[in-house]
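Here this note's numbering is used: the first residue of the sequence shown is 1, the next is one more, and so on. All C-beta atoms in this analysis are idealised placements derived from N, C-alpha and C, irrespective of residue type, glycine included. Here the structure comes first, spelled out in structure tokens, and everything after it is commentary.
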Amino acid sequence: MAQDNYQDTAIRMCDSSTILYRNKQWLNACYLAGYVVECYGKRMVELAAESGDFEGQATRGFSHHIDNLNEYVKNIAVMGSPLSTYCQDLGDICPVLLSGWNPFTIRYASNSHEWNTEETAEKIYKEMEMLADTIIQMQVDGVW
């Protein structure tokens, strides 16, 4: 089985979500934005484990539970490792995504779902952009 690549997936999902958002495909734009958040969290856990700073569960163990990932990222932040600079509290920067993203229900949602509105999609898009800024900075710094 091939190893998951959270780096490439985060960037790919961000790009695709942006295209969908610009084309007013609100629900699918929000759905893919959730994967950006998930991949960010899993990559942070992966990087911490690689550096020996963090003894945690395997990234697959988180499944799609970004709230659990957020708790691990917050733990990494308080350890004082070089990664702490890049640790974002997803509850602060992605509150809409963190509270409502569940790929098992979103992908089959009806057109009347709250994430299929411009207002919600705009909030989620802004949240994703803020997280993407962190990912870009990590790339520039050679961390990602």
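Same chain, Cβ closer than 6 Å to ILE124, neighbours up to 5 away in sequence not counted
Taking the first residue of the sequence shown as 1, we reach residue 124 at position 124. Within the same chain, ILE124 has close Cβ partners CYS30, ALA33, VAL96, LEU97.
Limits of the alpha helix (DSSP H) - the one that PHE104 falls within:
Counted from its first residue, the sequence shown places residue 104 at position 104. Note, PHE104: alpha helix (DSSP H), 103-106.
SER63 - containing alpha helix (DSSP H), residue span:
Translated into positions along the sequence shown, residue 63 becomes position 63. Looking at the DSSP string, SER63 is not in any alpha helix (DSSP H), and its letter there is neither H nor E.
Helix, strand or coil: which one does DSSP assign to ALA109?
Position 109 of the sequence shown holds residue 109. Shown here, ALA109 sits in coil according to DSSP, grouped into three states, outside any helix or strand.
Is it the case that the region 110-130 contacts the region 66-81, given that we only count it when at least three CB pairs across the two stretches are under 8 Å?
no
Is the beta carbon of ALA48 closer than 8 Å to that of ILE135?
On the sequence shown, position 135 is the one that residue 135 refers to. On the sequence shown, position 48 is the one that residue 48 refers to. The answer is no: Cβ separation not under 8 Å.
Would ILE66 and GLY41 be called neighbours here (beta carbons separated by less than 8 Å)?
As a first step, residue 66 must be located in the sequence shown, where it is residue number 66. As a first step, residue 41 must be located in the sequence shown, where it is residue number 41. The Cβ atoms of ILE66 and GLY41 sit closer than 8 Å to each other.
Can you grab the Cα-Cα spacing for the pair LYS83 / VAL140, in whole Å?
What you label residue 83 is simply residue 83 of the sequence shown in a count that begins at 1. What you label residue 140 is simply residue 140 of the sequence shown in a count that begins at 1. The sequence as given places Leu at residue 83; Lys does not occur at that position. Using only the alpha carbons, I get a separation of about 14 Å.
So what does DSSP say about THR85, is it helix, strand or coil?
Here residue 85 is taken as the residue at index 85 of the sequence shown, counted from 1. The answer is helix: DSSP assigns THR85 an H, G or I state.
Please work out which residues of its chain come closer than 6 Å, Cβ to Cβ, to TYR35, disregarding the five sequence neighbours upstream and downstream, and give them in chain order.
Locating residue 35 in the sequence shown gives position 35, where the first residue counts as 1. If we look at TYR35 and ignore the five residues flanking it on each side, its Cβ neighbours are MET13.
Do the CB positions of TRP26 and ASN102 come within less than 8 Å of each other?
Along the sequence shown, one-based indexing puts residue 26 at 26. Along the sequence shown, one-based indexing puts residue 102 at 102. Not in contact: TRP26 and ASN102 (Cβ atoms no closer than 8 Å).
Could you check which residue in GLN7, ASN28, SER112 has the C-alpha nearest to that of SER17?
As a first step, residue 17 is located in the sequence shown; it is residue number 17 there, counting from the start. Of the candidates GLN7, ASN28, SER112, the one whose C-alpha sits nearest the C-alpha of SER17 is ASN28.
Which whole-angstrom value is the C-beta distance of SER21 and ALA121, which I expect to be below 8 Å?
In the sequence shown, residue 21 corresponds to position 21, counting from 1. In the sequence shown, residue 121 corresponds to position 121, counting from 1. It should be pointed out that residue 21 corresponds to Tyr in this sequence rather than to Ser. Between ALA121 and TYR21 the Cβ distance is about 6 Å, and since that is below 8 Å, they are a contact.
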